[in-house]
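Residues in the sequence shown are numbered consecutively from 784, following our numbering.
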Amino acid sequence: MSSLLPDQPIDVMLLSVGVNDTTSNVSVHQWQQQIEDTIDIAQRKFGVRELIFLSLPPMAQMPAIPSPLNNFVGAKASILDEILQKVCAAHDGVNYMATDFARMISEHGNGQPIDIAVMFASDGFHPSSLMYGYWAQQIVENMTQLLDSPTAQTDC
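Here it is, written out as C-alpha cells:
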C-alpha cells in the first residue's frame with residue numbers, strides 16, 4: 784500500500800466537493816467533519832503544500848432540479864459552501880476558490896443575457912464543456928496567483 788503514496792510532497796491538490804452531499808442527507812456537522820478529515824489526510828498522508836477547494840456550484844439554477852426543490856437544494860448548497868469557506872480559512876495551506884459563475888455567463892454572453900442552461904450538460908445537472916472551459920481558466924488563474932505569491936512555499 785505504501786508504494787501507492789507519492790515519493791515527494793504534492794505541491795497543489797484541487798478538490799471539487801459538495802454536490803452529492805447537498806443532494807443527500809449529509810448533516811452540516813457531518814459535512815464539516817468530512818472536510819476536516821480530507822484536509823488532515825491531504826496534508827498528513829500526501830504532504831500537500833497547497834490544497835484548493837472549489838466552491839459549490841449554483842445548484843438553485845440547475846435546469847434538472849425543478850422548482851421549488853431547486854430553492855431548497857440551492858439553500859443547502861449555500862450553507863455547505865459557507866462552512867467550506869470557514870474551514871478553509873482556519874487552516875494554513877488550505878484555500879477556497881470561489882468560482883465566478885457570473886463572470887462565466889458575462890463573458891459567454893458578450894454583455895447580452897444568456898440562458899443559464901448553456902452552462903450545463905444535456906442532463907441539466909452536470910457542467911457543460913463550455914462551463915468546464917471557463918472553470919479551467921479560473922482554476923489556472925487562481926493556481927498561478929497562489930503559486931506566484933510571496934507566501935508560497937518554494938522548498939521543492
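Using N, Cα and C, we set each Cβ at its ideal position, and we do this for glycine too.
Comparing C-alpha positions only, which one of the options sits nearest to residue i?
{"i": "P849", "options": "W918, L930, L913 and F908", "result": "F908"}
{"i": "F829", "options": "W814, Q868, T927 and V795", "result": "V795"}
{"i": "T882", "options": "F836, S932 and Q813", "result": "F836"}
{"i": "M880", "options": "L929, Q791, W814 and I824", "result": "L929"}
Near residue i, which residues of its chain fall below 8 Å by C-beta distance, leaving aside the five closest residues on each side in sequence?
{"i": "P910", "result": "P840, M902, F903, A904 and W918"}
Excluding five sequence neighbours on each side, which residues of the same chain lie with their C-beta closer than 7 Å to the C-beta of residue i?
{"i": "L893", "result": "The residue you asked about is not Leu; residue 893 is Asn in the sequence shown. Here the set comprises nothing."}
{"i": "Q791", "result": "none"}
{"i": "P846", "result": "A900, F903 and G907"}
Assign residue i to one of two classes, buried (16 or more other C-beta atoms within 10 Å of its C-beta) or exposed (fewer than that).
{"i": "L885", "result": "One detail in the question is off: residue 885 reads as Ala in this sequence, not Leu. Classification of A885: exposed, given that the 10 Å Cβ count is below 16."}
{"i": "I818", "result": "buried"}
Can you find a C-beta in chain D that's less than 7 Å from the C-beta of residue i?
{"i": "W918", "result": "No chain D is part of this structure, which consists of one protein chain only."}
What's the gap between the Cα of residue i and the Cα of residue j?
{"i": "V800", "j": "T821", "result": "10 Å"}
{"i": "N769", "j": "I862", "result": "Residue 769 is absent from the structure shown; the chain starts at 784 and stops at 939."}
{"i": "N925", "j": "N808", "result": "31 Å"}
{"i": "V877", "j": "L834", "result": "5 Å"}
Could you pull out every residue in the same chain whose Cβ sits closer than 6 Å to the Cβ of residue i, ignoring the five residues on either side in sequence?
{"i": "Q868", "result": "Y879"}
Any alpha helix (DSSP H) of 4 or more consecutive residues that is wholly inside the stretch 876-914:
884-892
Those runs of the alpha helix (DSSP H) which lie wholly inside the stretch 786-836 and span at least 4 residues:
802-806 and 811-829
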